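Heads up: the structure comes next, in structure tokens.
Protein chains: 2
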Amino acid sequence: MGNDKKLVEQITSQEKDFAKWYTDVCLKAELCIYSGTKGFVVLRPYGYALWENIMHSLDKRFKEVGVTNVAMPMLIPENLLLKEKDHVEGFAPECAWVTCGGEEVLEERLAIRPTSETVFCDYWNETVKSYRDLPQLLNQWCSVVRWEKETRPFLRTREFFWQEGHTLHATKEESHDFTLKMFKVYEEFIQSELAIPVLKGKKTEKEKFAGANATYTIESIMKDGKALQSATSHDFGDNFAKAFDIKYLDKNNQLVYATETSWGFSTRIIGAIIMVHGDDKGLKLPPNIAPIQVRVIPIRTTDDNNVNKAKELMERLNKSGLKVDIDLSDKTPGYKFAECEMKGIPLRVEIGPKDIEKCVCVLVRRDTGEKIEVKLDNLELEVKRVLEIIQQEMYNIAKSFLDSHIDTALTKDELINKMNNKKGFIKAMHCGCEECETALKDETGITSRCIPKEQENLSDKCVVCGKPAKYEVIWGKSY
Amino acid sequence: MGNDKKLVEQITSQEKDFAKWYTDVCLKAELCIYSGTKGFVVLRPYGYALWENIMHSLDKRFKEVGVTNVAMPMLIPENLLLKEKDHVEGFAPECAWVTCGGEEVLEERLAIRPTSETVFCDYWNETVKSYRDLPQLLNQWCSVVRWEKETRPFLRTREFFWQEGHTLHATKEESHDFTLKMFKVYEEFIQSELAIPVLKGKKTEKEKFAGANATYTIESIMKDGKALQSATSHDFGDNFAKAFDIKYLDKNNQLVYATETSWGFSTRIIGAIIMVHGDDKGLKLPPNIAPIQVRVIPIRTTDDNNVNKAKELMERLNKSGLKVDIDLSDKTPGYKFAECEMKGIPLRVEIGPKDIEKCVCVLVRRDTGEKIEVKLDNLELEVKRVLEIIQQEMYNIAKSFLDSHIDTALTKDELINKMNNKKGFIKAMHCGCEECETALKDETGITSRCIPKEQENLSDKCVVCGKPAKYEVIWGKSY
């Protein structure tokens, strides 16, 4: 068990230093590693497999609502990026710029896409002529680059992976409805596959996406009480269509502006998975998206019979449609168990000579540590049953945590005190003006997370400035 | 039928101008469109769906041999790129360079990856310590940028999509074997899924990949007789390991250099699919990778009964696992047929009121134009049977074309004359020196395509210089 201890000792405890714990888990679970390019990470096989599972599952949901994938150019001419005023102010300061191609200095510099609204608009300007061409429901899976000053794995890196959906519609009603439709797709995916409960609502004017009429956001709570924005869906109305002159002939043969949405979801979510579910032993992955759902560990690897029986179990489970592997290395069982835990493998199956005699094996849950002896005859059924329970209970626990970390405040002092003591989300009224939000953020680091759809009238006054309140806002400190 | 004609008239015939025909098909079949970024194209939904099918099918084959996916940084510091001498000479002149990040001028410029050997080596230098860490069988699906002067859709664009596999091994034997293993994976995939017959062999010293000991290539023949390099697999031995100091502790506790391979396959192959199979009516896709395998067309769209029956057929075929859609638009049947042909949909199912009375429908093959009346009861079975025949016959026809376009030459004049008259591949002996190849290429545009494994001794003299021959080479003009 000496080795076992060593592996866990390599990560800092959450209580001691949550930020350090987070980075330790990213590296020790082999999700990623820092690369030779400053601010860029390598997604290692285990981390990329996790992202692949997320992609496949989400892509399927996109296709079910009629979205198809495309690939737009990675480089955007500066003039194209400058066409929509708010958008360029939001993104130009953090672009990486290509100024030389081969040995030639470019006449116009090109940005590596920080996001692709402008490129999709340019494409539609060329291809959309009539109402028959609408709606356009497009998406791309790609990476984007934003020149961040401080970086942290998954949460903020200069290059990150994501999908960006962009759609074009005939009317403002249609783009509004579609914005909410994709918002719902994200919500269901995050809750049911990632076992992460969500808070959702509209962003304030200050926090909305550069160029959008409205931004809808899904916020999740991390174990340190901080918020993480997990997915956003933007309704642009005809803002971009006007800037890019995207008109179509409607059924009455009139040229009218089209309307647009965009919606995105990135590898940031891996940061959320780590910080919502993880513990001092490492990562804890929800079975639905775990690259390895079950690992089989023969207790005595020098015993051929034990090894063969373990292989047989692996094959049976693989055949039943689960993602299973086996650890046949010469490490000690204790070390292997610790490794399973570090990597967040939802369930391990232990089998030793005595178990074989009794025709049983032992399932060990990563989430609770519980050991369950099962008859070999019932293996597949039992493993699937336990994985479903794990998925559900991981969600329940995260939901309790979220629910117990939402409070209310009537005054600024109360807001600040509660935020400092308990962390989490705090509901409070807001006058709606950007200055209040900026002042509060500068003073305390607290930001508005969203305006929830179900509004409560906690008081008549803005929690910051005391002027008449416009709506209830959920506040928090965020990643 | 007026509309019908119009659509076909939009593409130039192959005989009139093959290059123009090619571009017309790319655009009119809506595979891609030129973008606002010079030298970059947009992969439109239909083109990207084709690439997705190729990716999924090939990725499955990679995973079956134990390869896992990762994601490496898109940007490479100049110093890292400069580490391997031959490699940098091959790629540095065509890199796109990032010189500004946000508002900061970078101290060291960064290349957008033209290929990622250097990045993988840097990663292994950090992560590989012992023989237990080997082999490393990695791959990434991504886009790369090379600053080409002249561009053509799929064949040569400044950004293109590909997979690049990179593996690290313990010995030169292992890297050699793995290079050939992946070469075989490509060959089988290209032949069985894309219905493209291949010529294969080793590249000459002049044509091999920058930094490799040996490059294995798969060459295909286009309908204009020109060659297209469809996939390559490179054996680096320990060249990169020495440049990047990648050593591991072997079983005897000795520090030794690792060995490496890389292998790539890109959206260029879409160019090959177009030019191997296409005709004057447009694209012709092999059923195994067609985004739409079958399109159902009701002859009378104003007749509810006809439309409902057509929908029923679509649903039945979809349920049987095929990729099927339906054309319910108000275009004429003739126009719809032409559109099916332009997009290369392997099979269309026509059904009209008279067919419904007789309980039949008509299958129309894209490859031959053949019409087959089938009983509705037998629909699924018949459609699958015909799709299999199409896949096989498309391969057979392409194979006959390849076989009838391989000739031999004993002298330079014969080589040039035959190449000018008949096109295709020509087998001829070669002394092995780079100067001969360069001279021939400069004079005639003819290049060595590969050194086939099965060598014939056609003569004792080099076809170019007349000096003693070293081996037989297959020559051609290439894209």
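Residue numbers (numbering that gives the first Met the number 0), protein chains in the order written: chain A, 0 to 478; chain B, 0 to 478.
Every residue, glycine too, gets a C-beta built ideally from N, C-alpha and C.
As the structure is a computational prediction, the values presented were derived from the model and not from experiment.
Looking only at its chain, what residues have a beta carbon closer than 6 angstroms to the beta carbon of L49/B, apart from the 5 residues adjacent to it on each side?
Taking the second sequence and counting its residues from 1, the one referred to as residue 49/B is at position 50. Closer than 6 angstroms at the Cβ level, and outside the excluded window around L49/B, lie P290.
From the beta carbon of D121/A, is the nearest beta carbon of chain B less than 8 angstroms away?
Reading the first sequence from its first residue, position 122 is the one you call residue 121/A. Yes, contact with chain B.
Of the residues K383/B, Y130/B, A309/B, the one placed nearest T300/B, counting alpha carbons only
Along the second sequence, one-based indexing puts residue 300/B at 301. Nearest of K383/B, Y130/B, A309/B to T300/B, Cα basis: A309/B.
Once DSSP output is grouped into helix, strand and coil, what is the label at Y33/B?
Numbered from its first residue, the second sequence carries residue 33/B at position 34. Strand, per DSSP.
Comparing the CB of N317/A with every heavy atom of the ligand ZN, is any distance shorter than 7 angstroms?
Ligands in the displayed structure: none, and consequently the ligand ZN is not present.
Could you tell me which whole beta strand (DSSP E) segments of length 3 or greater appear in the segment 352-380 of chain A?
359-364, 370-374
If you draw a straight line from the alpha carbon of G351/A to that of L282/B, how long is it in whole angstroms?
To locate residue 351/A, count along the first sequence from 1; it is residue 352. To locate residue 282/B, count along the second sequence from 1; it is residue 283. For G351/A and L282/B, the distance between alpha carbons rounds to 59 angstroms.
Would you list the residues sitting across from G261/B in a DSSP beta bridge?
Position 262 of the second sequence, counted from the start, is the residue given in the question as residue 261/B. Inspection of the sequence shows that residue 261/B is occupied by Ser rather than by Gly. DSSP output for S261/B lists H165/B, H233/B as bridge partner(s).
Going by other Cβ atoms of all chains shown within 10 Å of its Cβ, with 16 needed for buried, is N416/B buried or exposed?
Within the second sequence, the letter at position 417 stands for residue 416/B. Flag for N416/B reads exposed.
With DSSP as the reference, please indicate the residues paired to H55/B in a beta bridge.
As a working mapping, residue 55/B is identified with position 56 in the second sequence. Answer is none; H55/B lacks a bridge partner.
In this structure, what does DSSP give as the bridge partners for T446/A?
Walking along the first sequence from the start, residue 446/A turns up at place 447. Paired residue(s): G475/A.
Going by Cα to Cα distance, which pick from E356/B, H86/B, L42/B, V144/B is closest to L74/B?
Counting from one through the second sequence, the residue named residue 74/B turns up at place 75. The shortest Cα separation from L74/B among E356/B, H86/B, L42/B, V144/B belongs to V144/B.
Determine whether the beta carbon atoms of T178/B and T260/B lie at a separation below 8 angstroms.
Residue mapping note: residue 178/B aligns to position 179 of the second sequence, counting from 1. Residue mapping note: residue 260/B aligns to position 261 of the second sequence, counting from 1. Yes, Cβ-Cβ distance for T178/B and T260/B is below 8 angstroms.
Hey, I195/B and S219/B: beta-carbon distance below 8 angstroms or not?
By 1-based counting over the second sequence, the position of residue 195/B is 196. By 1-based counting over the second sequence, the position of residue 219/B is 220. Contact: yes.
Report all residues from its chain with a CB closer than 7 angstroms to the CB of D16/A; omit the five preceding and five following residues, and keep chain order.
Residue 16/A sits at position 17 when you count from the first residue of the first sequence. Closer than 7 angstroms at Cβ, skipping near neighbours: no residue.
Beta-carbon of P113/B versus every beta-carbon of chain A: anything under 8 angstroms?
Locating residue 113/B in the second sequence gives position 114, where the first residue counts as 1. With 8 angstroms as the cut-off, P113/B does not count as an interface residue toward chain A.
Looking only at its chain, what residues have a beta carbon closer than 7 angstroms to the beta carbon of T407/A, apart from the 5 residues adjacent to it on each side?
Reading the first sequence from its first residue, position 408 is the one you call residue 407/A. Answer for T407/A: I425, K426, A427, L457, listed in chain order.
If G38/A and T156/A are in contact, beta carbons under 8 angstroms, what's the gap, nearest whole angstrom?
In the first sequence, counting from the first residue as 1, residue 38/A sits at position 39. In the first sequence, counting from the first residue as 1, residue 156/A sits at position 157. At roughly 6 angstroms, the Cβ-Cβ gap stays under 8 angstroms, so G38/A and T156/A are in contact.
What residues in the segment 155-185 of chain B have a beta carbon less than 8 angstroms from any beta carbon of chain A?
R157, E158, F160
Distance cutoff 8 angstroms, beta carbons only. Does A48/A sit that close to anything in chain B?
The residue given as residue 48/A occupies position 49 in the first sequence. Yes, its Cβ sits closer than 8 angstroms to a Cβ of chain B.
Considering only C-alpha positions, which residue in the set V197/A, D329/A, E349/A, V462/A is nearest to F400/A?
Against the first sequence, residue 400/A aligns to sequence position 401. When only C-alpha atoms are compared, the closest one is V197/A.
Quick one: give me the first and last residue of the alpha helix (DSSP H) that Q292/B is part of.
Here residue 292/B is taken as the residue at index 293 of the second sequence, counted from 1. Neither: Q292/B is in no alpha helix (DSSP H) and is coded neither H nor E.
Say whether chain B places a C-beta atom closer than 8 angstroms to the C-beta of W96/A.
Your numbering for residue 96/A matches position 97 in the first sequence. For W96/A, the answer is yes, since a Cβ of chain B falls inside 8 angstroms of its Cβ.
Confirm, please, whether the CB-CB distance from G277/A to A40/A is below 8 angstroms.
As a working note, residue 40/A is residue 41 in the first sequence. As a working note, residue 277/A is residue 278 in the first sequence. The question names Ala, but residue 40/A in the sequence shown is Val. In this structure, G277/A does not lie closer than 8 angstroms to V40/A by Cβ.
From the beta carbon of S56/B, is the nearest beta carbon of chain A less than 8 angstroms away?
For the purposes of this step, residue 56/B is identified with residue 57 of the second sequence, where counting begins at 1. Closer than 8 angstroms: no.
Give the residues of chain B in contact with V323/A, contact being defined as C-beta atoms less than 8 angstroms apart.
The count along the first sequence starts at 1 and reaches residue 323/A at position 324. By Cβ distance, chain B contributes nothing, its closest Cβ being about 15 angstroms from V323/A, past 8 angstroms.
Under 8 angstroms: do the segment 162-173 of chain B and the segment 253-270 of chain B share three or more Cβ pairs, one atom per stretch?
yes
Which residues does DSSP pair with I325/A in a beta bridge?
Within the first sequence, numbered from 1, the residue matching residue 325/A stands at position 326. Beta-bridge pairing links I325/A to V295/A.
When you check each C-beta in the segment 60-78 of chain B against every C-beta of chain A, which residues fall closer than 7 angstroms?
T67, N68, V69, A70, M71, P72, M73, L74, I75, P76
In whole angstroms, what is the alpha-carbon distance linking R60/B and L193/B?
Locating residue 60/B in the second sequence gives position 61, counting from the first residue. Locating residue 193/B in the second sequence gives position 194, counting from the first residue. Straight-line Cα distance between these residues: approximately 14 angstroms.
Quick one: measure Cβ to Cβ for V373/A and L346/A, integer angstroms, because I've assumed they're closer than 8 angstroms.
Position 374 of the first sequence, counted from the first residue, corresponds to residue 373/A. Position 347 of the first sequence, counted from the first residue, corresponds to residue 346/A. Not a contact, Cβ separation roughly 11 angstroms.
To the nearest angstrom, how far is the alpha carbon of F243/A from that of E392/B?
Taking the first residue of the first sequence as 1, we reach residue 243/A at position 244. Taking the first residue of the second sequence as 1, we reach residue 392/B at position 393. Approximately 47 angstroms, taken between the alpha carbons.
Nearest to P44/B by CA position, among A28/B, N377/B, T36/B, is which residue?
Here residue 44/B corresponds to residue number 45 of the second sequence, with the count starting at 1. When only C-alpha atoms are compared, the closest one is A28/B.
Would the segment 128-142 of chain A count as touching the segment 63-71 of chain A if we require 3 or more Cβ pairs under 8 angstroms?
yes
Using beta carbons (cut-off 8 angstroms, strictly below), is F39/A in contact with chain B?
In the first sequence, residue 39/A corresponds to position 40, counting from 1. Chain B, which has a Cβ nearer than 8 angstroms to the Cβ of F39/A, makes this yes.
For a contact meaning CB atoms closer than 7 angstroms, what does G35/B contact in chain A?
As a position in the second sequence, residue 35/B is number 36, starting the count at 1. In chain order: P76, L79, D121.
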